[in-house]
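Asks: Just so you know, full-length UniProt numbering puts 18 at position 18 of the sequence shown, and the rest follows in order with no gaps. The following block contains the structure, expressed as structure tokens.
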Amino acid sequence: MLHATPTPLPCPATTTLTPTPTPTPTNSNPNPNPSLRPFRRRFLAVPAALSYSARTRPAMAVASASLVGGGRKTLMEYVGGGGGGDRVGDDLAVLLAHVQCACKRIAALVASPFNAELGRGAMASAAASAAAARDDPKPLDVVSNEIILSSLRNSGKVAVVASEEDDLPVWIADDGPFVVVTDPLDGSRNIDASIPTGTIFGIYNRLAELDHLPVEEKAQLNSLQNGARLVAAGYVLYSSATILCISFGSGTHAFTLDQLTGEFVLTHPGIQIPPRGQIYSVNDARYFDWPDGLRQYIDTVRQGKGQFPKKYSARYICSLVADFHRTLMYGGLVMNPRDHLRLVYEANPLSFLVEQAGGRGSDGKTRVLSIQPVELHQRLPLFMGSLEDMHELESYRNIQQKINPGYEV
Ligand SMILES: O=P(O)(O)OC[C@H]1O[C@](O)(COP(=O)(O)O)[C@@H](O)[C@@H]1O
């Protein structure tokens, strides 16, 4: 079994920061599928650090020493050593310790051999209801949501959490200094094929001027903050490597999970997205639903007739975090031109990260971070990537897809 021989590392992975203990979490969105309860118990109960068998550990530790001993900082060392700049006080550090802990749990979950059983739960519920739309939460989304919510509660640092999986934000504590928005497991429709998925999160300060309002109202308004007010934003990519990429408003930095020690170590400090890439990432099957401007742009760059005289390549995983991460690394564009991705949970945190890496995020007309959210689950066309590619794309003007029939796959 996955956790038969646990060798727990402390969670949160810091000894200097002591999270405030809170009562056993309850969830506002209990999973209605009773067949999932054993899995939820298992994954909510495991220690954050990944577990390894005693037999394999010594050999792995030798390899590990060469990586971690190579002078690379862990995420918590980076944050504790002032790496995040002035914005990262003790409260935010404690919160981050809990966020990374939750994401290690989700990383173990998505790689688990028990996913097939969880998937059967998804198919059963889909069969039971004709209304089971593609956007319905899948069990792994639900479990991931519970893991995140539980960790955020336990941090003692969060006033309210707004999750893509929940209709309404969950108020946690009046004195929590932070507001967290999250998509706990984006791209989960790919999970049965072991295609990468990701967690996205954004952190705002709680707006003290709203404290006097009724709970529902202040929960909503705190969660609808403009993306320009983000204190920090990040994602965790669950792929061949598990990568936590974060910005505190002073650059974008990526940490890779060392599977041997269970620590995120700094591998990509100060990421700069190339000003030009040669890759565009979009669901090309929608070509005939695209507006003229977008078709012309893609036709132009794929023929090497754009401002950059090389033929562009296409890459599309259909998992936003994975497509975004590749774009951050190699440059180019990642886009979904129809009203599909969500401003609060996806577009704002990722735009914050791409801007901090020297790129741009827009809805095709307007900088994402200047759009004031009016609804929690508000959707928008989304274009992000290299600065020069973004400017060229936006110069075609008519790039937002207005036809959005609700595709089957
Ligand atoms: O169907 P499209 O337009 O290609 O959209 C795919 C996008 O939708 C997502 O799967 C998110 O949508 P869901 O919230 O429905 O899972 C992204 O990960 C991906 O980039």
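Backbone N, C-alpha and C define an ideal beta-carbon position, used for all residues, glycine too.
(1) Indicate whether residue 182 and residue 148 have their beta-carbon atoms separated by less than 8 Å.
(2) Are residue 463 and residue 184 closer than 8 Å when you measure CB to CB?
(3) Can you tell me whether residue 365 is buried or exposed? The criterion is at least 16 other CB atoms within 10 Å of its CB, across all chains shown.
(4) Helix, strand or coil for residue 324, going by three-state DSSP, please let me know.
(5) For residue 245, which three-state DSSP category applies?
(6) Express the C-alpha separation of residue 297 and residue 385 in angstroms, rounding to a whole number.
(7) Buried or exposed, going by whether 16 or more other CB atoms sit within 10 Å of the CB of residue 239?
(8) Rounded to whole angstroms, what is the Cα-Cα separation between residue 229 and residue 292?
(9) Verify the contact flag: residue 407, CB atom, against every heavy atom of ligand 1, threshold strictly below 7 Å.
(10) Do residue 316 and residue 323 come within 8 Å of each other at the CB atom, strictly closer than that value?
(11) Please report the residue range of the beta strand (DSSP E) in which residue 178 lies.
(12) Could you give the DSSP three-state label for residue 38: helix, strand or coil?
(13) Using only the alpha-carbon positions, how far apart do residue 99 and residue 369 sit?
(14) Quick check on the DSSP output: what are the complete alpha helix (DSSP H) runs of length 4 or more inside the region 268-336, in order along the chain?
(15) Would you kindly report the start and end of the unbroken alpha helix (DSSP H) that includes residue 203?
(16) Enumerate in chain order the residues of its own chain whose CB-to-CB distance from residue 407 is below 7 Å, with the five nearest sequence positions on each side excluded.
(17) When the Cβ atoms of the region 348-363 are set against those of the region 212-221, are three or more pairs found closer than 8 Å?
(18) In this structure, how does DSSP classify residue 102 when only helix, strand and coil are distinguished?
Replies: So, to answer that:
(1) yes
(2) Because the chain spans 1 through 409 in this model, residue 463 falls outside it and cannot be assessed.
(3) exposed
(4) helix
(5) strand
(6) 15 Å
(7) Label assigned to residue 239: buried.
(8) 34 Å
(9) yes
(10) yes
(11) 178-186
(12) Residue placement at residue 38 is flagged as unreliable, the pLDDT there being 44, under the threshold of 50; the coordinate-derived value follows with that caveat. Residue state, collapsed to three classes: helix.
(13) Rounded to whole angstroms, residue 99 to residue 369 spans 23 Å at the Cα level.
(14) For the alpha helix (DSSP H) assignment, the uninterrupted runs of no fewer than 4 residues enclosed by the region 268-336 are, from N- to C-terminal side, 292-302 and 320-330.
(15) Careful: residue 203 lies outside any alpha helix (DSSP H), inside the beta strand (DSSP E) at 197-205.
(16) none
(17) no
(18) Annotated three-state conformation of residue 102 is helix, per DSSP.
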